[in-house]
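Numbering (the numbering used here), first residue to last: 567 to 978.
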């Protein structure tokens, strides 16, 4: 009796608009981008001024020169850029689409099937074709809405194209707004913060652009996770049973809160996640090692900045937790310190060239077991003959000896 009819009508119109929006896949990416851009606009997203752009470009170019002294991997910077938060959304969506579509497709299919079959007798299910299609579209709206909100949150926290550990762009880029937010309260000159973050961005791009198998391996681990995804059907049915269609706020919460689409973890997902976490740790450990080497003696606050980054990557911020609720993945290198120690030990034993040569083939990479015993990997890994590998290395099942004593190299 006391429903606000105007509020209810507005919610229903918005819901109808979302349902009517065309989509060629499980996620309506135009809608997701609109939601994400609206989120960053609400918080304030000024365009990048020419002075800010010049500062970012200069910092990235200087950082790239410093990295030449500490790694044999060539420069990954082609045309350095400075992005606003909205530009980060637009320029990284192609990779997010590749990452999220497999997960979203399984979620939509499972949710649509669960919703459409709940409480219906068999004869009614056979007649409910159009309704089932609409309900699957509703599921897609839920997923797209949450993806948009997750991207909007991430855009408000990232400092560049690579600081969550995945190759979101082939160009090096920093966000002036993100750099300023990172440095707020650190009592470190802004220029020093900017160069340090530029070192990290440039180091990531050297790996992503010159280790040919790395992009596919990282994204493949996420796709492997998607293949084993399931939905907690009983929790979903319970949530649907409690949904009050006369309460616009409850509808909005159901569409955006993520409770309905939180995936269950299976053994297959756990294995894929373990491979992903190991590879993320190895990437982050190498980056932190070469950045520390490049910054030593040049940036007085390098140690303080390194510790700030380590805490941020190890604990994960609100944006990473938002992404975790979206796809069930916590993109955090949980074993960062162990990985960094392994790369330092490799440098001490074999020099810069010997350390970086490990990236030349996926079968040479350390495993999770090697992070437990880096000394054994450093001592034994050099005996592995890369010329004995075929063009594709070991087969997809990971058979054959792995260097450093592990059972298998991280694989997708």
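Here a beta-carbon is modelled for each residue, glycine too, at the ideal position from N, C-alpha and C.
Item, Value
"Under 6 Å Cβ to Cβ from residue 948, same chain only, skipping five residues before and after it: list those, please.", "Because the pLDDT of residue 948 is 45, which lies under 50, any placement of that residue in the model is unreliable, and the number read from its coordinates should be weighed accordingly. Within the same chain, residue 948 has no close Cβ partners at all."
"Return the residue from the list 602, 940 and 787 that minimises the CA-CA distance to residue 720.", "602"
"Assign residue 946 to one of three DSSP states: helix, strand, or coil.", "helix"
"How would you call residue 954, buried or exposed, if buried means at least 16 neighbouring beta carbons within 10 angstroms?", "Unreliable positioning characterises residue 954 in this predicted model, as indicated by a pLDDT of 41, which lies under 50. The coordinate reading is nonetheless provided below. It is exposed - the Cβ of residue 954 has fewer than 16 other Cβ atoms within 10 Å."
"Quick check on residue 961: does DSSP put it in helix, strand or coil?", "Confidence in residue 961 is poor, its pLDDT being 37 and thus under 50, which makes the residue's placement unreliable; the coordinate value appears in the next sentence. Correct three-state label for residue 961: coil."
"Assuming contact is defined by CB atoms lying nearer than 8 Å, are residue 937 and residue 902 in contact in what I supplied?", "no"
"Please report the distance separating the alpha-carbon of residue 723 from that of residue 744.", "6 Å"
"Are residue 853 and residue 770 close, meaning C-beta to C-beta below 8 Å?", "yes"
"Give the single residue among 670, 596 and 783 whose Cα lies nearest to the Cα of residue 929.", "783"
"Using a Cβ-Cβ cut-off of 7 Å (strictly less than) and excluding sequence neighbours within five positions of residue 921, which residues of its own chain qualify?", "909, 912 and 913"
"Under the three-state reduction of DSSP, which class applies to residue 740: helix, strand or coil?", "strand"
"Whole angstroms is fine: what's the gap from residue 923's alpha carbon to residue 600's?", "43 Å"
"Would the region 725 to 742 count as touching the region 636 to 646 if we require 3 or more Cβ pairs under 8 Å?", "yes"
"Quick check on DSSP: helix, strand or coil for residue 867?", "coil"
"If you draw a straight line from the C-alpha of residue 633 to the C-alpha of residue 713, how long is it?", "35 Å"
"Using the Cα positions of residue 746 and residue 878, report the straight-line distance between them to the nearest angstrom.", "15 Å"
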